[in-house]
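Shown next, in structure tokens, is the structure this report addresses.
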Amino acid sequence: MEPLFWDRLSKDEQRGALSRPAGLTDNAVQAAVDAIMDAVQARGDAAVLEYTRKFDAPDLTVLNVSLDDCEAAWNGLPIEQQEALKVAKANVETFHFAQMPESITTETMPGVECRREPRALKTVGLYVPGGTAPLVSTTIMLAVPAKVAGCKQRIMVSPPGKDGNINAAVLAAAYLCDVTAVFACGGAQAIAALTYGTGNIPRCDKIFGPGNAYVAAAKSKAAQISGGPAIDLPAGPSEAMVIADATSNPTFVASDLLSQAEHDRLAQVICVAADESSAEAISNEVERQLKTLPRADIAREAINNSRMIITDDLKSIHYIIESYAPEHVILQNQDADKLAETITNAGSVFIGPWTPESVGDYASGTNHTLPTYGAARNYSGVTLESYFKYVSFQKLTKDGMRRLGPIVELLADMEGLDAHKRAVSFRLEALK
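Rendered as structure tokens:
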């Protein structure tokens, strides 16, 4: 990781230092997604099965995965893995139960009551990626809040391997988290199935979960369909920013950088080091750890997309974080707690040397489904509220109508909407 001295860069060079890898979406990806979604809308399960055979499992005959198979997968796990999953589930439950939304009621003026009530979404689609790693943790992160929220149908889709089976650990986690239905399909065809419904796969109110460029493009398209599903957030390749100084442990910093780099060749990690000596020690440690990392090829390609920025100016560090708006910010500098209080543009923040990003990925309790590619400027990660919508209610007494009615008449007059005015005037007349 070649060092970039922040205060020696021009404004254009600084923007370039915080740029992301190209290739998240392109015209070819969108065209392929459009064709797949049109086919699934027209032909339902047959199209989903066709594309799943083409891209994932050539001999697949059925999309449904029985809940008995999920239970068998759970029973087949070693006890220590079961216990680890139980702890992760319990921590995620605890954190998300604490977020339970409440109804609010207020009297805006005498006789005028307004309420807001949370309502759990009925049917949610949970996309668990396959790809280069079985993301057991994503199953927990999506399914546990859905159950806590009270969503009645929790539909999981995940791409099968070439043998036609979803990874057994993913199925085991689905059983533990009480998913209500599982289907062996992934990619744009799975998102299309959750969007339109296929007869077999239910149409969903909202779609959750990360994925590759095809999944991201399909979710974006789904969200634009009139009457279609909502989506959780824009989620692309993983990214992390680590803030380090002379007090940081280079081994810890390097391992945090690589924990994200090993996710995806398009992942990006940025280290902001306070001095050249720290930057050199961290870069050397990255190279040392890469030599023994099983996914070194993926991680090294991601490291090539990454940056080592040198600055000890806290205002510059804050500007870098806020401008880049990373999915993960890992604060291993001396003033970590103080800096954390100032951060607004980040998906999740990890404070201090004993808080690796991995704990949030798996089991601390926070949700690891987070905005990427700069979306943390205006999106939050998945929370319990993501599984709710809100309905507003109002009720007026006779006295409330007498007080508020004349105001509404005047406002309706200002807009020239006579029927609006009459709906009030008739009632005021009836009260005389």
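Quick note: the sequence shown uses my numbering, first residue 2, plus one each step. Even for Gly, the Cβ is constructed at its ideal location relative to N, Cα and C.
From what residue to what residue does the alpha helix (DSSP H) around residue i run?
i      : result
Lys207 : Where Lys207 is concerned, there is no enclosing alpha helix (DSSP H), although the beta strand (DSSP E) it sits in stretches over Lys207 to Phe209.
Leu50  : Asp46 to Phe56
Glu358 : Glu358 to Tyr363
Val88  : Ile80 to Phe98
Val216 : Ala214 to Ala224
Glu410 : Lys399 to Glu416
Asn76  : Leu68 to Asn76
Ser426 : Asp419 to Ala431
Val383 : Per DSSP, Val383 belongs to no alpha helix (DSSP H) and is neither H nor E.
Asn305 : Ala297 to Asn305
Ala376 : Premise fails: Ala376 is in no alpha helix (DSSP H) and is neither H nor E.
Tyr388 : Careful: Tyr388 lies outside any alpha helix (DSSP H) and carries neither H nor E.
Val129 : Here Val129 belongs to no alpha helix (DSSP H), and DSSP marks it neither H nor E.
Leu177 : Ala169 to Leu177
Asp338 : Ala337 to Ala341
Assuming residue i and residue j are in contact, meaning their beta carbons sit under 8 Å apart, how far apart are those beta carbons, in whole angstroms?
i      : j      : result
Asp13  : Pro161 : Actually they are not in contact, since the Cβ atoms of Asp13 and Pro161 sit about 46 Å apart, beyond 8 Å.
Thr109 : Cys115 : 6 Å
Ser393 : Arg117 : 5 Å
Gly237 : Thr373 : 5 Å
Val243 : Leu258 : 6 Å
Lys1   : Cys152 : Outside the displayed span of the chain (2 to 433) sits residue 1, for which this structure offers no information.
Ala245 : Ile299 : Not quite, the Cβ-Cβ distance comes to about 23 Å (not below 8 Å), so this is no contact.
Val137 : Ala191 : Incorrect: roughly 18 Å between the Cβ atoms, too far for contact.
Leu10  : Ala23  : Contact flag wrong, Cβ pair sits at about 20 Å.
Ala269 : Arg16  : A small fix is needed here, since residue 269 is Gln in this sequence, not Ala. Not quite, the Cβ-Cβ distance comes to about 15 Å (not below 8 Å), so this is no contact.
Gln335 : Phe253 : Contact flag wrong, Cβ pair sits at about 14 Å.
Thr53  : Ala185 : 7 Å
Gly1   : Thr139 : Residue 1 is absent from the model: the chain starts at 2 and stops at 433.
Tyr215 : Ala74  : Wrong, their Cβ atoms sit about 26 Å apart, outside the cutoff.
Arg296 : Glu263 : 4 Å
Met38  : Lys222 : 6 Å
Ile304 : Met101 : Actually they do not touch by this definition, with Cβ atoms about 41 Å apart.
Using DSSP bridges, identify the partner residues of residue i.
i      : result
Gln154 : Thr124
Arg117 : Ile105 and Ser393
Ile352 : Leu332
Ile232 : Ile208
Asn65  : Phe184
Ser159 : Ala185
Can you give me the start and stop residues for the beta strand (DSSP E) that residue i sits inside?
i      : result
Glu328 : From DSSP, Glu328 is part of no beta strand (DSSP E); its letter is neither H nor E.
Ile105 : Ile105 to Met110
Arg308 : Arg308 to Ile311
Pro4   : Pro4 to Phe6
Ser239 : Looking at the DSSP string, Ser239 is not in any beta strand (DSSP E), and its letter there is neither H nor E.
Ala182 : Ala182 to Ala185
Report yes if the CB atom of residue i is closer than 8 Å to the CB atom of residue j, and no otherwise.
i      : j      : result
Gly375 : His369 : no
Ala280 : Ala247 : no
Ala241 : Glu286 : no
Ala217 : Val158 : no
Val49  : Leu64  : yes
Ala413 : Lys422 : yes
Ala326 : Asn346 : yes
Arg404 : Gly112 : yes
Met142 : Val93  : yes
Asp46  : Gly165 : no
His329 : Ser349 : yes
Arg155 : Leu127 : yes
Ile226 : Thr196 : yes
Val149 : Leu385 : yes
Trp7   : Ile310 : yes
Cys205 : Pro230 : yes
Leu397 : Gly382 : no
Glu358 : Ile331 : yes
Lys389 : Leu122 : Checking the sequence shown, residue 389 turns out to be Phe, not Lys. The answer is yes: Cβ separation under 8 Å.
Gly77  : Ala219 : no
Tyr176 : Glu72  : yes
Val145 : His97  : yes
Ser387 : Glu410 : no
Arg428 : Gly401 : no
Pro354 : Asn250 : yes
What do you reckon, is the C-beta of residue i under 7 Å from a heavy atom of the ligand GTP?
i     : result
Ile80 : As for the ligand GTP, it is missing from this structure, which has no ligand bound.
Exercise. Along the chain, which unbroken stretches of the beta strand (DSSP E) at least 3 residues long are found entirely within the segment 243-285?
Worked result: 269-274
For this session: Go through the segment 7-37 residue by residue and report every complete run of the beta strand (DSSP E) that reaches 3 residues or more, in order.
Result: none
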